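A.B. asks:
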Amino acid sequence: MSFTCPLCHAPLRRTEASFICPQRHQFDLAKEGYVNLLPVQHKRSREPGDSAEMMQARRAFLDAGHYQPLREAISQQLEMRLPASAQALLDIGCGEGYYTHAFAQTASHHGAQTFGLDVSKAAIRAAAKRYPQVTFCVASSHRLPFEDSSMDAVVRIYAPCSAQELARVVKPGGWVITAAPGPQHLKALKGLIYDEVQLHALQTEEITGFTLRDHIALGYIMNLSGKEAVALLQMTPFAWRAKPAVWEELEKMTQFACETDFSIQCWQRDA
Numbered sequence: 005m006s007f008t009c010p011l012c013h014a015p016l017r018r019t020e021a022s023f024i025c026p027q028r029h030q031f032d033l034a035k036e037g038y039v040n041l042l043p044v045q046h047k048r049s050r051e052p053g054d055s056a057e058m059m060q061a062r063r064a065f066l067d068a069g070h071y072q073p074l075r076e077a078i079s080q081q082l083e084m085r086l087p088a089s090a091q092a093l094l095d096i097g098c099g100e101g102y103y104t105h106a107f108a109q110t111a112s113h114h115g116a117q118t119f120g121l122d123v124s125k126a127a128i129r130a131a132a133k134r135y136p137q138v139t140f141c142v143a144s145s146h147r148l149p150f151e152d153s154s155m156d157a158v159v160r161i162y163a164p165c166s167a168q169e170l171a172r173v174v175k176p177g178g179w180v181i182t183a184a185p186g187p188q189h190l191k192a193l194k195g196l197i198y199d200e201v202q203l204h205a206l207q208t209e210e211i212t213g214f215t216l217r218d219h220i221a222l223g224y225i226m227n228l229s230g231k232e233a234v235a236l237l238q239m240t241p242f243a244w245r246a247k248p249a250v251w252e253e254l255e256k257m258t259q260f261a262c263e264t265d266f267s268i269q270c271w272q273r274d275a
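Okay, so the sequence shown: first residue is 5 according to my numbering, each after it adds one.
(1) Quick one: what's got a C-beta closer than 7 angstroms to Leu74's C-beta in the same chain, skipping five residues either side?
(2) I think Ala4 touches Thr110, with their Cβ atoms under 8 angstroms apart; what is that distance to the nearest whole Å?
(3) Determine contact between the segment 59-69 and the segment 81-98, defined as no fewer than three beta-carbon pairs at a distance below 8 angstroms.
(4) Could you check whether Cys262 and Ala205 sit closer than 8 angstroms to each other, using their CB atoms as the reference points?
(5) With contact counted as at least three CB pairs below 8 angstroms, one residue from each stretch, are the segment 246-258 and the segment 142-158 in contact?
(6) Would you identify the three-state DSSP class for Glu263, choosing helix, strand or coil?
(7) Can you tell me which of the three DSSP states Leu228 falls into?
(8) Just tell me which of Thr240, Pro187, Phe7 and Lys133 has its CA closest to the CA of Met58.
(9) In chain order, what residues of the same chain lie with their CB nearer than 7 angstroms to the CB of Asp32, ignoring the 5 residues before and after it?
(10) Drop a sphere of 10 angstroms on the beta-carbon of Ile78, count the other beta-carbons inside from all chains shown, and report buried for 16 or more, exposed for fewer.
(11) With burial defined as no fewer than 16 other Cβ atoms inside 10 Å of the residue's Cβ, what is the status of Pro10: buried or exposed?
(12) Tell me which residues share the same chain as Ser154 and place their Cβ nearer than 7 angstroms to its Cβ, disregarding the 5 neighbours each side in the sequence.
(13) Under 8 angstroms between the Cβ atoms of Arg62 and Gly101?
(14) Per DSSP, what kind of secondary structure is Asp67 in: helix, strand or coil?
(15) From the DSSP output, in three-state form, read off Arg217 for me.
(16) Near Ala126, what residues of its chain come up, given a Cβ to Cβ distance below 7 angstroms and the 5 sequence neighbours on each side ignored?
(17) Tell whether a beta-carbon distance below 8 angstroms holds between His114 and Pro136.
(18) List the residues that DSSP assigns as beta-bridge partners of Pro15.
(19) Quick one: give me the first and last residue of the beta strand (DSSP E) that Gly120 is part of.
(20) Can you check which of these residues, Ala34, Gly120, Leu190 and Ile128, is closest to Gln238 by C-alpha distance?
(21) Looking at the secondary structure, which residues open and close the beta strand (DSSP E) in which Leu93 lies?
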């Protein structure tokens with residue numbers, strides 16, 4: 005399978021160096037192998053998504069293996085739930101591809117093609133360069149460039165996406181697997197920034213058109229170096245609240261113990 009045009013929603017046909025729809029809208033392949041399907045009129049800022057600096061911090065932290073248990077837990081769910089005849093898997097908000105390439109290995113056991121989508125061009129460029137076995141695109145998670153009922157499974161780690169779009173692209177009986185922070189997630193890191201730490205609210209999401217089949221709680225302690233703790237802080241949405249003294253304190257630490265708390269949910273598309 006391939007993409008659909010973000011302008012007219014017709015199927016895109018791949019040529020040697022581009023994707024073209026019947027209306028002659030053309031989207032060229034970058035040298036790294038990804039395609040940009042985010043028209044300027046769909047952008048909310050000039051360079052949406054993570055910057056190159058944020059992406060590099062995220063990659064350094066993830067490559068150290070601190071979130072590997074989360075990746076393995078989701079891969080296990082995909083292995084259990086993808087049908088033998090699966091054709092396509094999508095990772096929404098895939099970033100630099102740390103999770104996506106592992107999901108692609110699982111999907112390949114079922115003969116399925118794996119797609120990675122993110123709004124950040126810097127992240128997708130890095131992902132495509134490292135993981136050529138995945139088909140990557142720059143695109144909006146609110147306008148998924150895929151045909152109706154084309155995905156056997158969608159993974160969404162922290163990434164936003166409308167329930168309507170998920171219901172449109174996931175096949176009847178297919179799966180959406182989400183990961184979100186649990187109440188205790190990164191509590192120690194928050195304690196360095198806020199006078200009063202607010203725990204994450206329990207995940208109460210409902211996805212219209214899907215039934216929740218399983219909920220897995222995953223938590224463990226990470227023992228980080230100061231450099232790794234700084235990279236972790238750079239990845240978080242509360243980094244901008246950290247005063248310079250917090251960054252300096254973290255960087256000087258020889259070890260920083262920080263808890264993880266992930267909430268994994270498995271949703272099945274209603275028939």
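For every residue, glycine included, the Cβ atom is placed at its ideal position computed from N, Cα and C. Since the model is a prediction, treat every value here as computed from it, not as a measurement.
C.D. replies: With the structure as the only source:
(1) Taking the sequence shown and counting its residues from 1, the one referred to as residue 74 is at position 70. Same-chain partners within the cutoff: Ala183, Leu222 and Phe266.
(2) Past the edges of the chain, shown from 5 to 275, lies residue 4, and the structure says nothing about it.
(3) Result no; under three Cβ-Cβ pairs closer than 8 angstroms.
(4) For the purposes of this step, residue 205 is taken as the residue at position 201 of the sequence shown. For the purposes of this step, residue 262 is taken as the residue at position 258 of the sequence shown. Taking 8 angstroms as the Cβ cut-off, Ala205 and Cys262 do not qualify as a contacting pair.
(5) Touching, no, given that fewer than three Cβ pairs across the two stretches are closer than 8 angstroms.
(6) For this step, residue 263 is matched to residue 259 along the sequence shown. Residue state, collapsed to three classes: strand.
(7) In the sequence shown, the residue the question calls residue 228 occupies position 224. In the structure shown, Leu228 sits in a strand (DSSP, three-state: E or B).
(8) Walking along the sequence shown from the start, residue 58 turns up at place 54. Taking only the C-alpha atoms, the option nearest Met58 is Thr240.
(9) Within the sequence shown, numbered from 1, the residue matching residue 32 stands at position 28. Excluding residues within five positions, the ones whose Cβ falls inside 7 angstroms are Ala21 and Ser22.
(10) Here residue 78 corresponds to residue number 74 of the sequence shown, with the count starting at 1. Buried is the label assigned to Ile78, since at least 16 other Cβ atoms lie within 10 Å of its Cβ.
(11) Looking up residue 10 in the sequence shown gives position 6. When all chains shown are included, Pro10 counts as buried.
(12) Taking the sequence shown and counting its residues from 1, the one referred to as residue 154 is at position 150. Hits under 7 angstroms: Met5, Ala92 and Val173.
(13) Stepping through the sequence shown from its first residue, residue 62 is reached at position 58. Stepping through the sequence shown from its first residue, residue 101 is reached at position 97. No; because the gap between Cβ atoms is not below 8 angstroms, this pair is not in contact.
(14) For the purposes of this step, residue 67 is identified with residue 63 of the sequence shown, where counting begins at 1. In the displayed model, Asp67 falls within a helix according to three-state DSSP.
(15) Indexing the sequence shown from 1 puts residue 217 at position 213. For Arg217, the secondary structure class from DSSP, reduced to helix, strand or coil, is strand.
(16) Taking the first residue of the sequence shown as position 1, residue 126 is located at position 122. If we look at Ala126 and ignore the five residues flanking it on each side, its Cβ neighbours are Asp54, Ser55, Ala56 and Met59.
(17) Within the sequence shown, numbered from 1, the residue matching residue 114 stands at position 110. Within the sequence shown, numbered from 1, the residue matching residue 136 stands at position 132. No, the Cβ-Cβ distance between His114 and Pro136 is not below 8 angstroms.
(18) Here residue 15 is taken as the residue at index 11 of the sequence shown, counted from 1. Secondary-structure assignment with DSSP links Pro15 through a beta bridge to Thr8.
(19) Position 116 of the sequence shown, counted from the start, is the residue given in the question as residue 120. From DSSP, the beta strand (DSSP E) with Gly120 extends over Gln117 to Asp122.
(20) Counting from 1 along the sequence shown, the entry for residue 238 is found at position 234. The option with the nearest alpha carbon to Gln238 is Leu190.
(21) Counting from 1 along the sequence shown, the entry for residue 93 is found at position 89. Note, Leu93: beta strand (DSSP E), Ala92 to Ile96.
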